[in-house]
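Participant:
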Amino acid sequence: METKRLIKRKATVRKLALKGVNPDLFDEFKSLRSSFKHNIQKDYNTHLRHMENDLVSDPRRFWSYFKNKNINSPDSLFYNNVRYNNDGDIANAFADYFSSVFKPSTDFNGNDECKSDCFGDLVKIENVTYDDVVLAISELKSSLTVGVDNITFIIKGCSEFLIYPLLVLFNLSLRTKVFPGVWKQTKIIPVFKKGDAQNCKNYRPIAILSPFSKIFESIIHEKLYNQVKNLISTSQLGFIPKRSTTTNLFCLTDKIISSFESGSQLDVIYTDFSKAFDSIDFGILLKKL
Numbered sequence: 001m002e003t004k005r006l007i008k009r010k011a012t013v014r015k016l017a018l019k020g021v022n023p024d025l026f027d028e029f030k031s032l033r034s035s036f037k038h039n040i041q042k043d044y045n046t047h048l049r050h051m052e053n054d055l056v057s058d059p060r061r062f063w064s065y066f067k068n069k070n071i072n073s074p075d076s077l078f079y080n081n082v083r084y085n086n087d088g089d090i091a092n093a094f095a096d097y098f099s100s101v102f103k104p105s106t107d108f109n110g111n112d113e114c115k116s117d118c119f120g121d122l123v124k125i126e127n128v129t130y131d132d133v134v135l136a137i138s139e140l141k142s143s144l145t146v147g148v149d150n151i152t153f154i155i156k157g158c159s160e161f162l163i164y165p166l167l168v169l170f171n172l173s174l175r176t177k178v179f180p181g182v183w184k185q186t187k188i189i190p191v192f193k194k195g196d197a198q199n200c201k202n203y204r205p206i207a208i209l210s211p212f213s214k215i216f217e218s219i220i221h222e223k224l225y226n227q228v229k230n231l232i233s234t235s236q237l238g239f240i241p242k243r244s245t246t247t248n249l250f251c252l253t254d255k256i257i258s259s260f261e262s263g264s265q266l267d268v269i270y271t272d273f274s275k276a277f278d279s280i281d282f283g284i285l286l287k288k289l
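Okay, so the sequence shown: first residue is 1 according to this note's numbering, each after it adds one.
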């Protein structure tokens, strides 16, 4: 009931904020949006925990959930004017399409050491601590989806046996500057975007990572972000805590309203890069980082 109430209130406040009724409504909207996301995740995690606890006594509930997760899979698929009906052929068609979209860097070698003088000695990660691993495991999202290693979020229930082995592996990786190859392997799941569900090009790939990789990356991200967060431009609104593209929308709306009120001209240029994340030059990205 609380989640439903938040949905209605968030929608109401958003409409009023966009109309510029009260500047304080923007802050209320951000708070409601954060609470709504938190409640959705909490409800979903509770749902998964109930299924996990009832797996022995009520296996039908689990399999019902599993089947519903796959109910939207297409029975047939078109790619390059060819129809595929077999599951294996459909999977290969997706693999061919996703591979064709990806553009690897011409001079990038993942085994080469990347040198950068952007921050000098400002950023340092000397080691991972016991508490770092405990916190990262506790914050691991609950999900029944597994990667290529077939390890699920159930590791949260036996974390006491994994903390020290993971601690050794993580610190060894930092000392040797080697990220385990098996943690780079991912399971790719096609997710429908819009349009014709039988058109291969209307899907985007979602990578399912190893939970051990997620834990390590979570620890590194936390350590890096705490050291550089004050250097990030205030204009950077995406992928930043408590900021989003919605924040950008409100900033633009405010500028438009101010321009109208002052009678001045305001020109806006919209750009959209097709498959932007698939076309990143990793060599340039690493040098910038």
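All C-beta atoms in this analysis are idealised placements derived from N, C-alpha and C, irrespective of residue type, glycine included. Predicted model only: the values in this text are computed from it and were never measured.
Identify which residue in 228, 199, 209, 33 has its Cα closest to the Cα of residue 140.
Facilitator: 209
Participant: Would you list the residues sitting across from residue 199 in a DSSP beta bridge?
Facilitator: 78
Participant: Can you tell which of 283, 96, 8, 219 has its C-alpha closest to the C-alpha of residue 205?
Facilitator: 96
Participant: How should residue 17 be labelled, buried or exposed, when 16 other C-beta atoms within 10 angstroms of its C-beta is the threshold for buried?
Facilitator: buried
Participant: Can you look up residue 243 in the DSSP assignment and give me helix, strand or coil?
Facilitator: coil
Participant: Whose CA, out of 271, 202, 128, lies closest to the CA of residue 168?
Facilitator: Ranking 271, 202, 128 by Cα distance to residue 168 puts 128 first.
Participant: Is residue 23 helix, strand or coil by DSSP?
Facilitator: coil
Participant: Closest to residue 156 by CA distance: which of 23, 135, 99 is it?
Facilitator: 135
Participant: Using only the alpha-carbon positions, how far apart do residue 45 and residue 279 sit?
Facilitator: 34 angstroms
Participant: Would you kindly work out how many angstroms separate the C-alpha atoms of residue 233 and residue 163, rounded to a whole number?
Facilitator: If you take the alpha carbons of residue 233 and residue 163, they lie about 36 angstroms apart.
Participant: Look at the alpha carbon of residue 71 and the alpha carbon of residue 200, and state the distance between them as a whole number of angstroms.
Facilitator: At residue 71 the pLDDT is 48, less than 50, meaning the model places this residue with poor confidence; the figure from the coordinates comes in the next sentence. If you take the alpha carbons of residue 71 and residue 200, they lie about 17 angstroms apart.
Participant: Is DSSP giving residue 102 helix, strand or coil here?
Facilitator: coil
Participant: Here's the rule: buried if 16 or more other CB atoms are within 10 angstroms of the residue's CB, otherwise exposed. What is residue 214?
Facilitator: Residue 214 is buried by the Cβ-count criterion.
Participant: Tell me, please, which residues DSSP counts as bridged to residue 191.
Facilitator: 204
Participant: How many angstroms separate the CA atom of residue 3 from the CA atom of residue 283?
Facilitator: Approximately 43 angstroms, taken between the alpha carbons.
Participant: Report the rounded CA-to-CA distance for residue 252 versus residue 5, giving the unit in angstroms.
Facilitator: If I take the Cα positions, the gap works out to 28 angstroms.
Participant: Curious, which full-length alpha helix (DSSP H) runs of at least 4 residues does the segment 131-185 contain?
Facilitator: Entirely contained in the segment 131-185, the alpha helix (DSSP H) runs reaching 4 residues are, in chain order, 163-176.
Participant: Could you tell me the alpha carbon to alpha carbon distance between residue 223 and residue 137, rounded to whole angstroms?
Facilitator: 15 angstroms
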